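K.L.:
Can you read through this structure? Questions will come right after.
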Amino acid sequence: MARTPVAVAPWVRTRMRVAPWAACAVTVLVFVTALLAAALPRAVDVYETEGLRHAVADAPAAKRVVEVLNEDRTDAGEVTPKRLAEDHAALLRALPAPLRTLPADSAYGVRTSKRVGALDAWLPKPNKLLPQLTLSTQSGVPRHSTLRAGRFAAGGDEPEAVVTVATAEALRIKPGAVIHVPGDDARPLGIRITGIVEPRDRQSAYWAYEPTLHTPVYASVPRADSPEFYWDAALLLAPEAAGAVQRTTAGSEVYWRLAPASAHLTGRDVPALTAVLASLGTGPDLVRLRELLGEVTSVRTGLDELVGGHVWMRDAISPVVAVAAFGMGAVALVVLAMTGGLFTARRHAELALLRARGGSLAGIGVRLLGETAVLAVPAAGLGLLAAVLLVGDAPWAGGGSARLLPAALAAAAVALVAMLALPLRAVYVHRTPRLHGAREDLVDARPSRRHVVAELTLLVLAAGAVAALRRRGTSDAGDHLVSAAPVLVALIAALLLVRLYPLPLRWAARPAARLRGAVGYLSLARAGRSSANGALPLLALLVALTTAAFGGSVLAGVADARDRAALLTTGADARISSPTGTAPLPAGLDRAVRGSAGVRDALPVHLAYGVPLTPDVRTAQNASDTRLDDAAGPKYATVLGVDPGPYARLARETGTGAFPAGLLGGPGADRVVPVIASPAVARRLGREPYEIPSYAGQFTVRVVAVLDRTPAVTETDFLLIDRAAMPRVTPTALLVTARPGGLDGPALRTLVRERAKGFTVRLRQEQRDAYVDSPMQTGAERVYATAIGAGAGYAGLAVLLSLVRTAPERVTLLARLRTMGLTRRQGRRLLGLEALPQALLAAVGGTLVGWATILLLAPGVDLVRLALAAAPELTTMERVTVEHAALRADGWSLTLPALGVVLLTAGTAGLQAWWSSRRGSIKELRAGDTR
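Per our numbering, the very first residue in the sequence shown carries number 310; after that it's consecutive.
Here it is in structure tokens:
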């Protein structure tokens, strides 16, 4: 007769019903961890993709446009509109992926190879110099402009052209006028102007690649005494007039200007795009273009430099961001391990009973794995889904800014750790029978050989990582050992502190035993006999504090570098000058600016750029003196005429080349003017008097002091002189300092527009903001800040888990001590003082380890690319890199997280003591309870 099977409750379902809140907590923890882990690689992909698109789309047209040139087409039949349009279409089809173009902003045509002078006497000639013209038959003029007067140019026997409104105003051109240029047959070539047009979008690549097509330039020719100016403009001929362009004396060239598209590019396209641009320049793709367009075909573009700059910045940012990622990952891993340890401790009696009744380690481990898998796998899947929806484009929506595979692998890793933490810990603890309530003293528990080998291995890895980072910096992207160096240093420090910190506590407990009251002695004695499992929360706290200190110092260094670079660029809180920096300021502008809102002072400065420092201008008597030979230093310098008193105060306040105002003054008895020079200029001039020619006149100078820098210029070669000693001085720039409340930028710009038309205002704050216009910079900073915040959250969770794990033992202790006369107030003090030593240890240890880590790694960390990717002056970048972008310990980043750990621990312990004092003690005082 068959036996009736005994009903057995399913293991997993039963466990979920017994502890629903614990299951929910584990699910939430795994969900949040999987979300952060999956979002990190997607966020990196997103900011790298956006950075590449920004680098291409927002770069000046002269850098991003791909220009294909052919100078071999001399036959008029080869430059007809139909032929050029066919070649343009074939060229677009021949471009290799991933290079794509924007047809609306692309153009083609025929232009003069060099400028030609306009021969008509009625055209303006500022210094009797002929206006220089570029003749171009650019396609699509009617589509990209609006007709303001006359009509568009058309084909015919006489070449016709249109000009823009700005060109017509500058050169006084009206419809119907005829402009003559030299022809190749010794006769002038007449071009009739049929209309005046207004560009619809001057910033588009169509117009911006060659700015003179829409706006003439008031150019200058250097002369010994003063520059001479002339107009540089362009005429837009009809496409049918390409033959007329070929008949000028300037020569002609056919061009195709291809505006690159960026919306389809992703960070993964960088290698392919780099290879394509190299091939177009000197490779197989250039050969194919020559087969298509002609043998004398060349490609000119700055797009490869833009992509290279993107790679340059990415390779510098990635290792720095990886430090935060490793820190967050390490703390999250510790928290997941602590969660498994907490559940193992709470179920110690249950698992011990299963082992006593014949349960195998494999069977117990599989059952526990099933419990955690039911929770961890769905939670990790939901975390991955949330990361895909929140960060980047969803794969099913056709977006490609972020990859799915790295995010899926990260979420799977989180699920795997969460699944294995509980069964592995349980199997390890119950591998052999254990005495209930055995002491786990940190000092008495002698570490095994395996522990010693593991700790020594971590020490060697940390030392190697730090040495590698100090030696080569972060230029070698992808070296995860280097990026994990702060984490490894924190781990080594944590292991040492865990082994050592009970000793001073036990030493302190001995004199405390002789004091009145038992609270102090009991707290120190219990803190010195903490469970060996206290190593995990200490590891989490140290890693989190070290990562937070490192990250906060990085962000503080970035902010400091940007502030300093903005100051070096503007020289003060604001700078007023002409676009070229050489035009004289209108009379009375400095007085008007001083009366503007928020302005404290306005310092006029005379700037003369490119003043020669050549041997033929020195006044030394010894002709054989070779101190000014070509190898002695710079040949040119910038001469600054300043008011010594106010300018010295500005230099002192900004910390940019402070000097005593008395060094500068008028000429002495020998008619030699004292000057302050930059180091290179001082080495070239020496200490002897020299005659310096400039636009402000000739004067003899002697170097009396040397400065590395000065506020008014970013150039490294300069001469500083009292402007009252200059024969003809005309201020060309105004340095504006602000009151404590700050400048009123719009009001200042309005004033300058009214009093100095054509002059520009550069605000220091706006210049600083310009350094963070790259999505890669801002994205990397957001990822870093998020990683630091997540690490701090996990560290706080580690503290809570540590206190929750020991909560039953603490409550039982309080209940028993109350039977001996301990008051509730003393009980709260006892729990608080017991938890405080480890919190103080973590705070002080984390602060010291973070400070030491920063000192160790600072020489190898280069923050300038993260801070100043958009810096316009290379000299500014170099100076900030060397002096102000070095990684330094930030006091707030070191102390605030440590203080937060102490407050969190004290608050949690106090809350636990308050809650336990409100509960009854019957359960804790049961007979036979051996806890």
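Quick reminder that beta carbons are idealized off the backbone N, C-alpha and C, glycines included. From a predicted model like this one, the values you see are computed outputs, not experimental measurements.
Across which residues does DSSP place Y527 in a beta bridge pair?
P.N.:
W540
K.L.:
Would L1220 be called buried (16 or more neighbouring beta carbons within 10 Å of its own) or exposed?
P.N.:
exposed
K.L.:
Got a sec? Which residues, its chain only, sit under 8 Å from H739 by beta carbon, not counting five neighbours each side?
P.N.:
L660, A661, R664, L670, I673
K.L.:
With respect to the beta strand (DSSP E) encompassing R501, which residues constitute its N-terminal and C-terminal limits?
P.N.:
497-508
K.L.:
List the DSSP bridge partners of P491.
P.N.:
P497
K.L.:
Near L805, which residues of its chain fall below 8 Å by C-beta distance, leaving aside the five closest residues on each side in sequence?
P.N.:
none
K.L.:
Could you tell me whether the Cβ atoms of R1048 and R909 are closer together than 8 Å?
P.N.:
yes
K.L.:
What do you reckon, are the CB atoms on Y1103 and V630 nearer than 8 Å?
P.N.:
no
K.L.:
With a cut-off of 8 Å, do at least 3 Cβ pairs link the segment 403-419 to the segment 578-588?
P.N.:
yes
K.L.:
Can you name, in chain order, every residue of its own chain whose Cβ lies under 6 Å from the Cβ of A639, other than the five neighbours on each side?
P.N.:
V796, V852
K.L.:
Would you mind listing the alpha helix (DSSP H) stretches within the segment 561-636 that are 4+ residues and don't spill past its ends, in chain order?
P.N.:
579-591, 593-602
K.L.:
So, with DSSP's three-state summary, where would you put Q512?
P.N.:
coil
K.L.:
Does the beta-carbon of G594 have 16 or more other beta-carbons within 10 angstroms, so that it is buried, or is it exposed?
P.N.:
Residue identity check: residue 594 is Asp in the sequence provided, not Gly. Under this definition D594 is a buried residue.
K.L.:
The beta strand (DSSP E) with Y956 in it runs from where to where?
P.N.:
Counted as a single uninterrupted DSSP element, the stretch harbouring Y956 is not any beta strand (DSSP E) but the alpha helix (DSSP H) occupying residues 953-963.
K.L.:
According to DSSP, is T1046 helix, strand or coil?
P.N.:
strand
K.L.:
Can you tell which of A479, L678, L729, P569 has the C-alpha that lies nearest to the C-alpha of M647?
P.N.:
L729
K.L.:
Quick one: is E1187 buried, meaning 16 or more other Cβ sit within 10 Å of its Cβ, or exposed?
P.N.:
Residue placement at E1187 cannot be trusted, given a pLDDT of 48 that sits under 50; what the coordinates show is reported in the next sentence. By the 10 Å Cβ count, E1187 comes out exposed.
K.L.:
Among H397, D354, I502, L814, which has the Cα closest to the Cα of A711?
P.N.:
Out of H397, D354, I502, L814, D354 has the C-alpha closest to the C-alpha of A711.
K.L.:
Where does S710 fall in DSSP's three states?
P.N.:
coil
K.L.:
So which of R452, E549, L428 has the shortest CA-CA distance to A495?
P.N.:
With distances taken between Cα atoms, A495 lies closest to L428.
K.L.:
Kindly give me the distance between the Cβ atoms of L522 and L498, rounded to whole angstroms, as I take these residues to be in contact under 8 Å.
P.N.:
Their Cβ separation, rounded to whole angstroms, is 20 Å, which puts L522 and L498 out of contact at 8 Å.
K.L.:
Between the segment 879-889 and the segment 1026-1043, are three or more C-beta pairs nearer than 8 Å?
P.N.:
yes
K.L.:
Alpha carbon to alpha carbon, how far is V339 from P687?
P.N.:
9 Å
K.L.:
Output the boundary residues of the alpha helix (DSSP H) element that contains A970.
P.N.:
From DSSP, A970 is part of no alpha helix (DSSP H); its letter is neither H nor E.
K.L.:
Any idea what DSSP makes of L1196, helix, strand or coil?
P.N.:
coil
K.L.:
So, V286 versus L972, is the Cβ gap smaller than 8 Å?
P.N.:
Residue 286 cannot be examined here, being either before or after the span of the chain that is shown, 310 to 1240.
K.L.:
What residue range does the alpha helix (DSSP H) around G1054 cover?
P.N.:
1054-1064
K.L.:
May I have the straight-line CA-CA distance separating A658 from G667, to the nearest angstrom?
P.N.:
14 Å
K.L.:
Would you mind reading off the limits of the alpha helix (DSSP H) that contains V1108?
P.N.:
1084-1114
K.L.:
Let me check understanding here. Comparing Cα to Cα, which of G560, S792, Y539, R656 lies closest to P440?
P.N.:
Y539
K.L.:
Going by the beta-carbon positions, is the gap between P390 and E562 smaller than 8 Å?
P.N.:
no
K.L.:
Express the C-alpha separation of V605 and D384 in angstroms, rounding to a whole number.
P.N.:
Between D384 and V605, the C-alpha separation is close to 14 Å.
K.L.:
Excluding the five sequence neighbours on either side, which residues of its own chain have a C-beta within less than 6 Å of the C-beta of V419, listed in chain order?
P.N.:
V388, T446, A551, V554, S561, V563
K.L.:
Hey, L694 and Q1147: beta-carbon distance below 8 Å or not?
P.N.:
no
K.L.:
When we look at the beta-carbon of D938 and count the other beta-carbons within 10 Å, is it buried (16 or more) or exposed?
P.N.:
Confidence in D938 is poor, its pLDDT being 46 and thus under 50, which makes the residue's placement unreliable; the coordinate value appears in the next sentence. Result: exposed.
K.L.:
Suppose the cutoff is 6 Å on Cβ atoms and the five residues either side in sequence are ignored; what does the same chain contact list for V260 look like?
P.N.:
Residue 260 lies beyond the stretch modelled for the chain, which goes from 310 to 1240, so this question has no answer here.
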